[in-house]
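One structure is given below, encoded as structure tokens.
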Amino acid sequence: MKPATGFSRFTIALGLGLLVGVVLLPSAEAAKKLNVVTSTTDMAALAQEVGGEKVNVESIAKGYQDPHFVEAKPSFLLKLRQADLLISVGLQLEIGWLPPLITQSGNPKIQVGASGYLDASQFAEILDIPQGTVTRAEGDVHPLGNPHYWLDPDNGRRIAKGIAGEFGVMDPEDAAYFQQRLQDFEQRLAAAEQKWDAEMKPYHGRKVVTYHRSFPNFAKHFGLNVIGYVEPRPGIPPTPSHTLEIIQLMKRENCKVVLVEPYFDLKTPQSIGRETGAQVVVYLPSVGGEKQVTNYFELFDYDIALLTKAFQATQ
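Here our numbering is used: the first residue of the sequence shown is 15, the next is one more, and so on.
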């Protein structure tokens, strides 16, 4: 075999270079994506809406978990270590588990106050802000307000706008792309809201009891009246005396629906339902609470279908 000439060696090298380039190209494109970690699936869903193919988004908590209590795992540290941006719900929702993970991740970008840390509550309308001094005797009260604010589509719109703006700052070349994604999301959300509002309009003013105080934003947006809670105080398990008070309240007020998050024991709500003739509805406070609920729109579709069915059954 003849030894390769200079030209042929150049051709071989060029071919290998092109081959390597082809092999590496997808990795380079993938590396360009922003790595986004969110504390909950709801923040992940909104981030994905406006980030599209320019971001990789992962949530720490699962949609069926109580976001107040998430067991820290080593795999979470790896996610956070590689994150360009961390989006939290804030208002101390994750105070029991997220701060240690942030510290232990060793990622300077996502430390509280750093450029890669985004508290989404700054964009939302916050309800139930306590007045005066808050003590532990009042239960698990959030001193900065109720952190379940994403259950209002108006807040979903505000949060998405804030996230799109943050993405544009972090990736200026794709800022127009993120704004286009935001505009598309806002148009689809406006259309969905018209449908949801029409479905809920016949039930404006309906009284409900919820297990935890996770429903005020949803109730305000859709005109429902939350008259009580299965928990005597936030985060405190129901007691026999308080359960009796709730039963008496529901009978007086003719309240026929009890809403329960999927991570709470159904024993007490079911006993309340038996005593009052009320429907016990296990609703979803988060995307991913059921396998078929994979995005922000499907969350409202699912919950509104449950609610309207329960209201129709208790006319």
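Backbone N, C-alpha and C define an ideal beta-carbon position, used for all residues, glycine too. Remember, it's a predicted structure, so these values are computed and weren't measured experimentally.
The residue among Glu207, Tyr243, Gly176 with its C-alpha nearest the C-alpha of glutamate 63 is Gly176.
Collapsing the DSSP output to three states places glycine 249 in coil.
Linking glycine 65 to alanine 190 through their CA atoms gives a straight-line distance of about 11 Å. Isoleucine 143 counts as exposed, since fewer than 16 other beta carbons sit within 10 angstroms of its beta carbon.
Checking the DSSP bridge columns, you'll see aspartate 133 partnered with Ser102.
Remark: fewer than three beta-carbon pairs, one from each stretch, lie closer than 8 Å, so the region 300-313 and the region 285-292 are not flagged as touching. Per DSSP, reduced to three states, the secondary structure at isoleucine 109 is coil, with no helix or strand assignment. In this chain, the alpha helix (DSSP H) harbouring threonine 55 covers 55-65. Secondary structure of isoleucine 74 (DSSP, three-state): coil. About 13 Å separates the Cβ atoms of leucine 100 and valine 69, ruling out a contact at the 8 Å cut-off. Per DSSP, the beta bridge partners of asparagine 239 are Lys221. In this structure, tyrosine 316 sits near valine 307, with a CB-CB distance shorter than 8 Å. Note on the region 172-238: whole beta strand (DSSP E) runs with a minimum of 3 residues are 221-224, in chain order. Looking at Ala134, Leu115, Ser255, Gly242, the one whose alpha-carbon comes closest to that of glutamate 85 is Leu115. If you keep only unbroken alpha helix (DSSP H) runs of at least 4 residues inside the region 282-309, you get nothing at all.
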